[in-house]
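7 is the number of the first residue of the sequence shown in my numbering; add one for each residue after it.
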Amino acid sequence: MDAAVPQLDGELLATMFGLTSAEQRVALLLAQGLTADDMAARLGVQDNTVRSHVKQLLAKTQTHRQVQLVALLWRSAAVSHAGHEASTPAPLMPGGAPPVPPASCPNG
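So, in structure tokens, the structure goes:
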């Protein structure tokens with residue numbers, strides 16, 4: 007595994023967003039691209055339980071769609087990996103995309 011690739015830190019996410027251990031597990035699996043049915047099978051719970059955890063994750067992270075949630079989770083991991091303070095994630099742009107840094111001009 008490449009050490010330069012950001013990895014999600016479940017404990018950090020739990021601290022940042024006030025997640026329960028169950029929500030933390032669902033967040034990590036969601037970030038890996040698993041469906042609710044796949045997560046339920048892996049965790050040994052009903053898919054309705056997973057969906058309930060996803061709803062709680064959306065509320066706690068103030069996101070409205072799963073794509074926004076996943077983008078926020080990975081952006082938080084990247085900030086943590088870079089060694090910056092990760093307690094306040096960057097705001098989402100409309101549609102859930104991370105903000106685009108301003109372009110710099112070589113002449114000024």
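We treat Cβ as the ideally placed atom computed from N, Cα and C, and that holds for glycine.
For residue j and residue i, the rounded distance between their alpha carbons
{"i": "A83", "j": "Q38", "result": "13 Å"}
{"i": "A77", "j": "L14", "result": "12 Å"}
{"i": "Q30", "j": "A47", "result": "16 Å"}
{"i": "G24", "j": "D44", "result": "24 Å"}
{"i": "E36", "j": "L63", "result": "Residue identity check: residue 36 is Leu in the sequence provided, not Glu. Looking at the two C-alpha atoms, the distance is approximately 10 Å."}
{"i": "L18", "j": "L34", "result": "11 Å"}
{"i": "L49", "j": "T26", "result": "15 Å"}
From the options, residue whose alpha carbon lies closest to that of residue i
{"i": "A42", "options": "S27, L25 and V60", "result": "V60"}
{"i": "A28", "options": "V51, W80 and Q68", "result": "V51"}
Between the region 64–81 and the region 43–55, are three or more C-beta pairs nearer than 8 Å?
no
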